[in-house]
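Undergrad:
Chains as they are written, first to last, in this note's numbering: chain A, 1 to 658; chain G, 1 to 658.
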């Protein structure tokens, strides 16, 4: 753990212009934000009703009516505002900002005299405030509103929303604590990391301390949630959580004693984010060790190769080590976003690039799979294998959707994807007075403030299509240190320095190999790079990856990975019954860029065999006849782009011909 | 469909003395019946409370107290009495009979003045009688009591229990029907087949007609269960069935229109048994066609190779065609028993041995796997693959037990196994005036009544250890026809006739090959076999069987089958992580009888490979390294005997080295 952590560059200092990401990021402004705005105002035909703007109007006393939606319905507004804040940072838009300002004003008017904000409890159950921390989601909702306020402040410079939320945060700090009325903590973590962010923009130490209180109290004896349920006035909200165990909400043990990632995956990673922040803020080694243990448990035992987490469709939870079923997992888009947020914190408080390897995997695969190429439909659940005909209630695969959905009743994933895309800039760099880390190879221009100096950093990149990018850093002073991430998948990583004054023709003449030392996954460059163009190249060919044989679901199978992208096989390219395919891993993989496929992707062809069906009549279920195989060429596409060509089977892991 | 169906030989005319089955059958008298008697009287330490005898005492007004148990708690007593009836048929036991008589007297005293019997509704909810056919299980419970009464009559010749149950059956017939008060049918089928059996021993046509009424009404519009739930006085019993669909109880369509086996597997096969009986009794071709469609759907699309049915652990139900997951299925022991009962009816109304192939598969594998070799513990759920560490609530595999359980709160399977073992005799022969079918090759002496004549039939057999058995038939008259089943797995099936007067030494001298014609899976023998010994031999070596490649769970895998027995691999013989094993199907299988293994079994050895773990540290989840294999010899044991050597992994289907 560093004494002085690194931070991301504020979004309004970064402009992304990347051939891989920009088309997705542009969807936020052009499709997702406008679409969600319509949804929140109940103007999307055939979509589930949202009512969430209406709820605020009713809570503000400006309309008559009843609350409608989930107890956490307000978070839709919060996540939308957070996405808007992130988007405005990179793409100013007066009209959008005006609309958002009006929503913020409305939230202000719905705020209660004591600072409280929550339309469900305000309209429907004012007497039940804070009475059901297990299921009530009040602190969770508050957390998302606070995150939105912070993002809006960073994106627009306007503090009104931060002030509104600070009043609510003050109320929370006055209500929860050792010498306060309530000694509980939230059923769904989120407030903790939000209070820490609010502390960052307000400097109010109390916010940090209340976050620490929530984290420190969690899982202590007697268990708050089990006690809460015994109270006479306790009212259940979600009947399906009848058998709810402390494990589900990571309250089975004090957090410092937790060594395995348990329970609802989104709750888990949001909690771990706050733990990492607090470990740094208080330089608390025990808490940091817990973060490392939990991280390692996830990435070494409980994570899909796509960066997905949550192996169980039921209760969206972690299960056991190496239990990674491909067709019935949850792997919620939000959970992978949370994993990226957790990993980025770990990377920035350790300056260790191995965390970024996982962050990149989660962002390029599961997060991006959550949204269609047109930005109009979304996945909550991200299986690694889909048999559309079997995604039914009677197979207990109702949670797996074989096509992306327009909108959701519980609409967490779409706006979460929006804020993540709009804030991709936060993942590109880590910066502190010691210097600059380049984490992701995304084309951008960045204005960097560091030790009182300003630098202009420019990355030009066609990664991951090509494994080559350039960095130029201009500034009056020498950059103290530069670290460029060496991804775990990179081979023959090299950096060539070129005089930046040179013309295209003279580049070769003045280039030299830049020496570096690999330091925790970064190429650490000591030479002065000012005025130079650094050209980073490495090999990252499509390759076969296998899972630990203890992963029973993948034993005997391989998958194809090319740089950060996991590849998958679709029925559209490979026909029906993908379980009948074998890959011949002795044959080379062939990469082929196809411009008209999925808006331009590198597809990968493999040689293999298909089990033939001729010997099997419809009437035969079990027979003694041998397997016959026919030669085939199989085509894989990047996992994030699956299901953009209609409904069909999909399979990441394919049997290996041995 | 035959105009005159075949029937089983009454149990009291058969004495089984079989090296394979007798040790299991003896457990009924020596272990299961006494154990269950103790359980029903709450005298088993650490077992779940039963209270079911006590419930009858309370209902009879002989004791004060409250009802305890499930709404169908009475069925434990019914199934015990049925097992006792079957057992007494083969093994008279005065003391046991006396105890059973006392229980029957108690049931008689608990009968209400109008004939009604059900301790739950009598004690706890008399006003709710017949008000919840969906979940109340009253007709189901009545059915099991009727089946018990019929079995007790056959086993002892005593009619008192039949008379008691006839009074209740009369009440049911007066209550349900087109011109009667209630136009419903049971949520859990069972009464239908029970009424048909009661008709067989009483000749009262009304019982048959009410069974037909229940079957004909089922699934009509409007759906009775959906209507029932709308009533103001409807009280839910099982909250977990909130989302209950008509499909679950096979009431989604009129039965004649049902083409796929749906819903709760036990309910399904019990219903199909009655449908088959009624199809014959009324010579109803449409109903028979439905039975054939449903049978074919099960055995060609929805059945495990072990004869297990019910692919879903949740709700114990059928799922979709070819959806046969090995580690999370239900495959309830009772469902396979029901499948055997259904198959036997189909075999006897068609004289087609292909039904018996499945009956045999279910009895020799799933039914028998349900009970430990010592008769003291039981499986409800019969997976084809078990990872003990993963059988947890958080993996949604709580229903899969990695060791057999002592007793169950819902104790259907143990007594169901008991009655099945005690009535194995019913499966051996089918008989009608046309002649005799030999279905199963189980050693027994049988007194056969046929067309006014009596024959003594003796089968001597060490099957399936040896694929050879002899039949001797002695009688004054010529047996009209003899059919000996030619199992689907038999090769080189031949029958040698020998003069029965001969001595051991002279047998060879007088033997001749008996000519037969294969007729629907039976070797049809026309020659007079009186006074002869028929020696039937065939080859049925251990062999590799593959599943239709549309069975995704088994694609690329093989299993070993030897005659009726499916084989499986246990950790005890093959080490941990059975998913790392490959079978080399080009190498021969080696059979080896081992007397001291599992009370004497033929084990099967296969050559194969194991994925080596050396290259995988605990820290590596995904790597580019190739698979390395080491040669191994693998040992398989018969599936029914798995888990008799402590907890460990088990796996039926093994990856094939291609």
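All residues carry an ideal CB built from backbone N, CA and C; glycine is no exception. Predicted model only: the values in this text are computed from it and were never measured.
(1) Looking at chain A, is there any beta carbon in it that lies within less than 8 Å of the beta carbon of residue 323 of chain G?
(2) Looking at chain G, is there any beta carbon in it that lies within less than 8 Å of the beta carbon of residue 184 of chain A?
(3) With 16 as the cutoff for other CB atoms within 10 Å, does residue 512 of chain G come out buried or exposed?
(4) Given a limit of 8 Å on CB to CB distance, which residues of the stretch 605-626 of chain G reach chain A?
(5) Considering only residues of the stretch 209-288 of chain G, which uninterrupted alpha helix (DSSP H) runs meet the minimum length of 4 residues and lie entirely inside it, listed in chain order?
(6) Would you call the stretch 296-307 of chain A and the stretch 216-233 of chain A in contact, with 3 or more CB pairs under 8 Å?
(7) At a CB-CB cut-off below 8 Å, which residues of chain A make contact with residue 312 of chain G?
(8) Beta-carbon within less than 8 Å of residue 435 of chain G's beta-carbon, same chain only, minus the 5 sequence neighbours each way: which residues are those?
(9) Go through the stretch 95-161 of chain G residue by residue and report every complete run of the alpha helix (DSSP H) that reaches 4 residues or more, in order.
(10) To which residues does DSSP link residue 444 of chain G through a beta bridge?
(11) Using a cut-off of 7 Å between C-beta atoms, extract the partners of residue 319 of chain A located in chain G.
(12) Do the CB positions of residue 276 of chain A and residue 354 of chain A come within less than 8 Å of each other?
(13) Is there a C-beta anywhere in chain G that falls below 8 Å from the one on residue 663 of chain A?
(14) Residue 420 of chain A by DSSP, collapsed to three states: which one?
(15) Where does residue 238 of chain G land, buried or exposed, given buried means 16+ other C-beta within 10 angstroms?
(16) Whole-angstrom Cβ separation of residue 413 of chain G and residue 334 of chain G, contact assumed at under 8 Å?
(17) By Cβ distance, which residues of its chain are closer than 8 Å to residue 208 of chain G, with the 5 residues on each side in sequence left out?
(18) Just reading off the alpha helix (DSSP H) that residue 34 of chain G is part of, what are its end residues?
(19) Considering only residues of the same chain and omitting the five flanking positions on each side of residue 24 of chain A, which have a CB-CB separation below 6 Å?
(20) Under 8 Å, CB to CB, which of the residues in the stretch 572-586 of chain G have a partner in chain A?
(21) Could you round the C-beta distance between residue 330 of chain A and residue 274 of chain A to whole angstroms and report it? I think they count as a contact, below 8 Å.
(22) Taking Cβ-Cβ distances shorter than 7 Å, what residues in chain G pair up with residue 552 of chain A?
(23) I need the DSSP call for residue 333 of chain A, collapsed to helix, strand or coil.
(24) Over what stretch of residues does the alpha helix (DSSP H) that includes residue 21 of chain G continue unbroken?
(25) CB residue 542 of chain A to CB residue 592 of chain A, shorter than 8 Å?
(26) Where do the N-terminal and C-terminal ends of the alpha helix (DSSP H) with residue 56 of chain G fall, by residue?
(27) Considering only residues of the same chain and omitting the five flanking positions on each side of residue 627 of chain A, which have a CB-CB separation below 7 Å?
(28) Check the Cβ of residue 300 of chain A against every Cβ in chain G and list those closer than 7 Å, keeping chain order.
(29) Name the two residues that bound the continuous alpha helix (DSSP H) containing residue 361 of chain G.
(30) Classify residue 538 of chain G as helix, strand or coil using the three-state DSSP reduction.
(31) Please compile the residues from chain A whose C-beta is within a distance smaller than 7 Å of the C-beta of residue 548 of chain G.
(32) Do residue 607 of chain G and residue 633 of chain G have their CB atoms nearer than 8 Å?
(33) Do you know whose CA, among G:433, G:304, G:338 and G:550, lies nearest residue 326 of chain G's CA?
(34) Over the uninterrupted alpha helix (DSSP H) stretch that includes residue 90 of chain A, give me the two end residues.
(35) So the beta strand (DSSP E) residue 201 of chain G belongs to, where does it begin and stop?
(36) Spell out whether any CB of chain G is found under 8 Å from the CB atom of residue 656 of chain A.
TA: Judging by the given coordinates:
(1) yes
(2) no
(3) exposed
(4) 609, 611, 613, 616, 618, 619, 620, 621, 622, 623, 624, 625 and 626
(5) Under the rule that a run must span 4 or more residues, the alpha helix (DSSP H) segments found entirely inside the stretch 209-288 of chain G read 224-230 and 265-281.
(6) no
(7) Correct list: 394, 395 and 396.
(8) 450, 479, 480, 481, 482 and 483
(9) 138-156
(10) G:16 and G:459
(11) 394 and 395
(12) no
(13) This structure does not reach residue 663 of chain A, given that chain A is present from 1 up to 658, and the question cannot be answered.
(14) helix
(15) The residue in question, residue 238 of chain G, is exposed, as its Cβ has fewer than 16 Cβ neighbours within 10 Å.
(16) 5 Å
(17) 195, 196, 199, 278 and 281
(18) 33-40
(19) 421
(20) 577, 579, 580, 582 and 585
(21) Incorrect: roughly 22 Å between the Cβ atoms, too far for contact.
(22) 387 and 579
(23) helix
(24) Careful: residue 21 of chain G lies outside any alpha helix (DSSP H) and carries neither H nor E.
(25) no
(26) 52-59
(27) 611
(28) Here the neighbours are 619 and 621.
(29) Residue range 354-361 is occupied by the alpha helix (DSSP H) that includes residue 361 of chain G.
(30) strand
(31) Result: 616, 620 and 621.
(32) Taking 8 Å as the Cβ cut-off, residue 607 of chain G and residue 633 of chain G qualify as a contacting pair.
(33) G:304
(34) 74-90
(35) In this chain, residue 201 of chain G is not harboured by any beta strand (DSSP E); it is covered by the alpha helix (DSSP H) spanning 191-202.
(36) yes
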